[in-house]
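Notes for the one structure printed next.
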Amino acid sequence: MSLKVGVIGTGMIGQDHIRRLTKVLSGVEVAGVADIDATRAAAAAPAGAEVFATPQDLIRSPKIEAVVICSWGPAHEEQLLDCIAAGKPVFCEKPLVTSAEAARRVMEAEVAHGKRLVQVGFMRRFDADYRRLKAVIDGGTLGLPLMYKSVHRNASVPVGLYTSEMPLNDTLVHDADISRWLLGDEVTGVEVRLPRRSRQGGELRDPHMVLLHMASGALVDVEISVNIAYGYDIRGEVSCETGIAALPNRPATVITDAHGIRQAIPEDWRERFIEAYDQEFREWIVAAGQGTATGPSTWDGYAATLVADAALEAVASGQLARIDMGDKPALYGQALDRAA
Numbered sequence: 003m004s005l006k007v008g009v010i011g012t013g014m015i016g017q018d019h020i021r022r023l024t025k026v027l028s029g030v031e032v033a034g035v036a037d038i039d040a041t042r043a044a045a046a047a048p049a050g051a052e053v054f055a056t057p058q059d060l061i062r063s064p065k066i067e068a069v070v071i072c073s074w075g076p077a078h079e080e081q082l083l084d085c086i087a088a089g090k091p092v093f094c095e096k097p098l099v100t101s102a103e104a105a106r107r108v109m110e111a112e113v114a115h116g117k118r119l120v121q122v123g124f125m126r127r128f129d130a131d132y133r134r135l136k137a138v139i140d141g142g143t144l145g146l147p148l149m150y151k152s153v154h155r156n157a158s159v160p161v162g163l164y165t166s167e168m169p170l171n172d173t174l175v176h177d178a179d180i181s182r183w184l185l186g187d188e189v190t191g192v193e194v195r196l197p198r199r200s201r202q203g204g205e206l207r208d209p210h211m212v213l214l215h216m217a218s219g220a221l222v223d224v225e226i227s228v229n230i231a232y233g234y235d236i237r238g239e240v241s242c243e244t245g246i247a248a249l250p251n252r253p254a255t256v257i258t259d260a261h262g263i264r265q266a267i268p269e270d271w272r273e274r275f276i277e278a279y280d281q282e283f284r285e286w287i288v289a290a291g292q293g294t295a296t297g298p299s300t301w302d303g304y305a306a307t308l309v310a311d312a313a314l315e316a317v318a319s320g321q322l323a324r325i326d327m328g329d330k331p332a333l334y335g336q337a338l339d340r341a342a
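All letters in the sequence shown, in the order written, are residues 3 to 342 by this note's numbering.
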């Protein structure tokens, strides 16, 4: 039997997930959609899916067994709490929520429910290259990880829609989450430095250099450049005690012709991470079909929110902003052991 899913939010990412759930993956049916724009929701709804008047109607409907949230970030808290109250597994695109306080409220509700229901859309954890890199680190053949460099470059961002705060409270969350996951470590402090401003972005504050201080003493150097012009370029390299390991360039095909030796650069996040998006939903569908969730948790969404808040504090002060995550609820597993 197919898992009957409702999708809240039918903008670009919502439409892409509807395509994925209806045309790429098996064991799932999009049975309903909801959006603040009813016309857009009706246009995005696959054949046979109900268009609900409100997200709450979708969540509470007996037709819907699990929910995918792709709505505006500030709406996530209410929708997540409704899903938990209804006991329905939910996949929530990042950001989980827009404040640490909201994340704590969602955690408290999920802990009170007694089992995990929420998975956060940190798709990099499902990318085959990142998983191979983690296997090398966890295998210990290179010794302990000492430093990690994460590079996040966009060809461009929408003028007027992408603000100077967004590299830190929107883009950085992916690099922060993948660093925590790869290193098995927690972030305890954040520094931000602003180099010479790129003329490509006009008045936008770009690029950023972010230094994440990890509990183990490891350091993570994050470069965020959102108007690099040449493409969507994601890189990662970990320096360990006896060697280094790095992500390969994507796509891997190397072309040799009269213009030289070169590799293509992905145009955007959809091209670079399309397989990771597919895989994260394959794994979510299996877990949701069992009434639960795996993968990035509410705790991971909370951690990313704290890093973003600290980064905004650090860029304003020019100083190290410290992070105190508090105690990790047992529901989300043991504390990350590499920090010991």
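From the three backbone atoms N, C-alpha and C, an ideal C-beta is built for every residue, glycine too. Please read these numbers as outputs of a predicted model, since none were measured by experiment.
State the start and end residues of the unbroken beta strand (DSSP E) segment that holds residue i.
i           : result
residue 235 : 235 to 242
residue 121 : 120 to 122
residue 215 : 210 to 216
residue 265 : 262 to 265
residue 147 : 147 to 155
residue 5   : 5 to 10
Could you compute how far the alpha carbon of residue i sits from the alpha carbon of residue j?
i           : j           : result
residue 199 : residue 51  : 48 Å
residue 107 : residue 258 : 55 Å
residue 119 : residue 196 : 39 Å
residue 63  : residue 74  : 21 Å
residue 174 : residue 154 : 8 Å
residue 283 : residue 24  : 12 Å
residue 288 : residue 170 : 33 Å
residue 80  : residue 141 : 41 Å
residue 69  : residue 8   : 5 Å
residue 221 : residue 148 : 7 Å
residue 121 : residue 111 : 14 Å
residue 97  : residue 260 : 45 Å
residue 14  : residue 30  : 20 Å
residue 90  : residue 67  : 6 Å
residue 57  : residue 322 : 40 Å
residue 244 : residue 329 : 33 Å
residue 350 : residue 114 : Residue 350 lies beyond the residue range present for the chain, which begins at 3 and ends at 342; the question has no answer from this structure.
residue 332 : residue 301 : 11 Å
residue 6   : residue 78  : 20 Å
Tell me which same chain residues have a C-beta within less than 6 Å of the C-beta of residue i, skipping the five on either side of it?
i           : result
residue 270 : 234
residue 344 : No answer is possible for residue 344: it lies beyond the span of the chain, which begins at 3 and ends at 342.
residue 54  : 34, 36 and 60
residue 48  : 24 and 32
residue 229 : 158, 200, 202, 203 and 208
residue 278 : 125, 128 and 129
residue 44  : 53
residue 316 : 192, 193, 194 and 323
Restricting to Cα atoms, I'd like to know which of the options is closest to residue i.
i           : options               : result
residue 385 : 204, 188 and 166      : The shown model of the chain, from 3 to 342, leaves out residue 385, and the question about it has no answer.
residue 93  : 125, 71, 117 and 191  : 71
residue 135 : 239, 206 and 113      : 239
residue 41  : 65, 11 and 97         : 11
residue 236 : 273, 245, 262 and 244 : 273
residue 312 : 328, 301, 231 and 193 : 193
Whole-angstrom Cβ separation of residue i and residue j, contact assumed at under 8 Å?
i           : j           : result
residue 247 : residue 82  : Their Cβ separation, rounded to whole angstroms, is 35 Å, which puts residue 247 and residue 82 out of contact at 8 Å.
residue 216 : residue 177 : Going by Cβ atoms, the distance from residue 216 to residue 177 rounds to 13 Å, so no, they are not a contact pair.
residue 87  : residue 304 : Contact doesn't hold; Cβ gap of about 19 Å is too wide.
residue 150 : residue 101 : About 27 Å; that fails the 8 Å criterion.
residue 325 : residue 189 : 6 Å
residue 256 : residue 263 : 6 Å
residue 185 : residue 139 : 7 Å
residue 85  : residue 146 : Between residue 146 and residue 85 the Cβ distance is about 39 Å, and since that is not below 8 Å, they are no contact.
What residues in its chain sit with their C-beta under 8 Å from that of residue i, if we drop five residues either side in the sequence?
i           : result
residue 133 : 127
residue 27  : 280, 283, 284 and 287
residue 250 : 131
residue 294 : 91, 117, 118 and 119
residue 39  : 12
Report all residues from its chain with a CB closer than 7 Å to the CB of residue i; omit the five preceding and five following residues, and keep chain order.
i          : result
residue 22 : 279, 280 and 283
In the DSSP assignment, find the unbroken alpha helix (DSSP H) run with residue i in it and report its ends.
i           : result
residue 108 : 102 to 115
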